[in-house]
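Per the UniProt record's numbering, the very first residue in the sequence shown carries number 1; after that it's consecutive.
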Amino acid sequence: GALVSMAGRLMRRWCPSLLQDLHFPVVQLHMSRTAMRASEKDFENAVNQLKLLKKDPGNEVKLKLYALYKQATEGPCNTPKPGMLDFINKTKWDAWSALGSLPKETARQNYVDLVSSLSPSSESSSQIKPAAADEKLPESENVVVTSEGGITKIMLNRPTKRNAITTSMYKEIIHALKVASTDNSTITVITGSGDYYSSGNDLTNFTAVPPGEIEESAKNAGILLRDFVNSFIDFPKPLIAVVNGPAVGIVVTILGLFDVVYASDRATFHTPFSELGQSPEGCSSYTFPKIMGPTKAAEMLLFGKKLTAREACAQGLVTEVFPESTFQKEVWTRLKAYAKLPPNSLRISKELIRSTEKEKLHAINAEECTVLQGRWLSEECMSAILNFISRKSKL
Ligand SMILES: CCCCC/C=C/C(=O)SCCNC(=O)CCNC(=O)[C@H](O)C(C)(C)COP(=O)(O)OP(=O)(O)OC[C@H]1O[C@@H](n2cnc3c(N)ncnc32)[C@H](O)[C@@H]1OP(=O)(O)O
């Protein structure tokens, strides 16, 4: 005990030197610039962007940046572990080593994402604006965004297609979340219009691709998916899913990134990835086993077991189930009360609950997108999608 407390005191005393030390990667990166590939341009920009930060991001973030930088430029940590009393180098070594075999490309991307989350626009939005008159946000036909009474509601509005999400809808949702993260609202809600919550990815997203552009298109879809999921990982306010009906694919997998999930007893939860020749996304390969245990998660993610709302609630994926007849009334009454809570307190509490996982989630998201990109080019996936289009298969 005495040794630990002495170590703590020394660590606190040595903190300034830890901070200085962590600037090291920036310098080293510039020395090795010529060795970079074109795809590393973003990484280089991120390093430059970091130097423009006005606010010190704190030791914890600097340590993460250090570890990601080392992983991105040198790969997994295989240097000898510094001695017990070499606190600073041991802390840095631990952070780098904790990234395990994270691919260099993923580390680079995570570094870029982390720096972008620290950018001046994020800095200035760390405080919620004082309450002002309720405002109407720009609307599109398929993603309808409204803001009223402290609640920003993002509604998937393509009921004739079971609210399947098109490429432009992904972009609209990303934009809506970005706006909601700094608007006057206290909480943000995602829901669907009509009978379905959403049937997930619009399977025709992949069918309008000219031959010869398939790989490029899979790459772009991977980037879009990564950005989409990142916007949920980073969303700073309480995020609530109001699952009004059946939910399929991506809209189910990202539920692990929501703070609260309310479901009608008519809702079902289905992740048919194997059937589609695909693999899990939305960080579900990590969040589902964590939420429901590995064997229940495997039944859903590997074998596409469809859960009823009550089963999903018993597994911890859903917070509470309401009878369809009173679903909207009960849920919205509750949400209106929650939206009256102090917004800054909610945001700070969410940060406490979620911050320790953020970096890991970004890494998992990047990895899942890389794997999926490969899956989309596979024979298994292409024929599953063609089967759906030609109506030979329905879930
Ligand atoms: C950036 C890329 C990210 C990729 C990662 C995401 C992965 C996923 O989300 S995987 C999950 C994909 N979703 C599906 O596989 C669902 C496919 N849909 C169905 O199986 C069924 O449509 C149903 C069970 C959801 C509903 O069945 P039913 O009530 O009988 O309705 P219909 O099948 O007649 O559908 C009505 C209408 O809607 C169209 N539609 C439904 N879902 C989709 C979809 N996911 N993609 C494209 N279109 C969809 C369906 O084609 C019908 O259209 P019309 O024939 O024009 O009426």
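Glycine included, C-beta positions come from ideal geometry on N, C-alpha and C.
None of the values given here were measured: they were computed from a predicted structure.
| query | result |
| --- | --- |
| Helix, strand or coil: which one does DSSP assign to Glu-141? | coil |
| According to the Cβ coordinates, are Lys-237 and Arg-347 closer than 7 Å? | yes |
| With the cut-off set at 7 Å, would you say Ser-101 and Cys-77 are in Cβ contact? | no |
| Rank Ile-250, Thr-253 and Leu-68 by C-alpha distance to the C-alpha of Trp-93 and give the top, closest one. | Leu-68 |
| Ala-247 by DSSP, collapsed to three states: which one? | strand |
| Ends of the alpha helix (DSSP H) at Thr-356? | 343-376 |
| Taking the alpha-carbon positions, what's the Pro-342 to Thr-186 distance? | 8 Å |
| Thinking C-beta only, is Val-260 closer than 7 Å to Thr-319? | yes |
| Going by beta carbon distance, what residues of the same chain come within less than 7 Å of Arg-158, once the five residues before and after it are set aside? | Asn-142 and Ala-164 |
| With Val-251 and Gly-200 assumed to form a contact (beta carbons below 8 Å), what rounded beta-carbon distance in angstroms separates them? | 6 Å |
| Determine, using beta carbons only, whether Phe-235 and Leu-177 come nearer to each other than 7 Å. | yes |
| Identify which residue in Leu-225, Pro-210 and Glu-148 has its Cα closest to the Cα of Ile-173. | Leu-225 |
| Just the C-alpha distance for Gly-293 and Asn-387, rounded to the nearest angstrom, thanks. | 33 Å |
| Under 6 Å Cβ to Cβ from Gly-83, same chain only, skipping five residues before and after it: list those, please. | none |
| Determine which residues share a DSSP beta bridge with Gly-293 and list them. | Gly-293 is not bridged to any residue. |
| Spell out the partners DSSP gives Gly-192 in its beta bridges. | Leu-156 |
| In its own chain, which residues sit with a C-beta less than 8 Å from the C-beta of Val-371, not counting the 5 before and 5 after it? | Ser-279 |
| Quick one: what's got a C-beta closer than 8 Å to Thr-191's C-beta in the same chain, skipping five residues either side? | Lys-153, Ile-154, Met-155, Leu-156, Tyr-197, Ala-241, Val-242, Val-243 and Asn-244 |
| Let's see if you can read the secondary structure: which residues bound the beta strand (DSSP E) around Tyr-262? | 260-264 |
| Quick one: Cα of Thr-333 to Cα of Tyr-262, how far? | 12 Å |
| Which of the three DSSP states is assigned to Val-252 in this structure? | helix |
| Which residue from Lys-51, Gly-374 and Thr-188 puts its Cα closest to that of Lys-340? | Thr-188 |
| Span of the alpha helix (DSSP H) holding Phe-87? | 87-97 |
| Going by alpha carbons, who is nearest to residue 397 out of Glu-74, Leu-257 and Ile-151? | Outside the displayed span of the chain (1 to 395) sits residue 397, for which this structure offers no information. |
| Helix, strand or coil, according to DSSP, for Ser-383 in the structure here? | helix |
| How about Leu-307: is its Cβ closer than 6 Å to a heavy atom in ligand 1? | no |
| Pull up the distance between the alpha-carbon of Glu-216 and that of Gly-374, whole angstroms please. | 12 Å |
| Please work out which residues of its chain come closer than 6 Å, Cβ to Cβ, to Lys-70, disregarding the five sequence neighbours upstream and downstream, and give them in chain order. | Trp-96 |
| Does the stretch 358-371 come close enough to the stretch 202-209 to have 3 or more Cβ pairs within less than 8 Å? | no |
| Buried or exposed for Leu-255, going by 16 or more other Cβ atoms inside 10 Å? | buried |
| Let me make sure I understand the geometry here. Which of Thr-167, Ser-117, Arg-162 and Asn-184 has the alpha-carbon closest to that of Glu-148? | Asn-184 |
| How many Å lie between Asp-265 and Gly-194 at the Cα? | 15 Å |
| From Asp-113, Val-331, Asn-59 and Lys-336, pick the residue whose C-alpha is nearest to that of Gly-150; which is it? | Lys-336 |
| The alpha helix (DSSP H) with Glu-215 in it runs from where to where? | 214-233 |
| Report yes if the CB atom of Leu-301 is closer than 7 Å to the CB atom of Thr-271, and no otherwise. | yes |
| Could you check whether the Cβ of Val-371 sits closer than 6 Å to any heavy atom belonging to ligand 1? | no |
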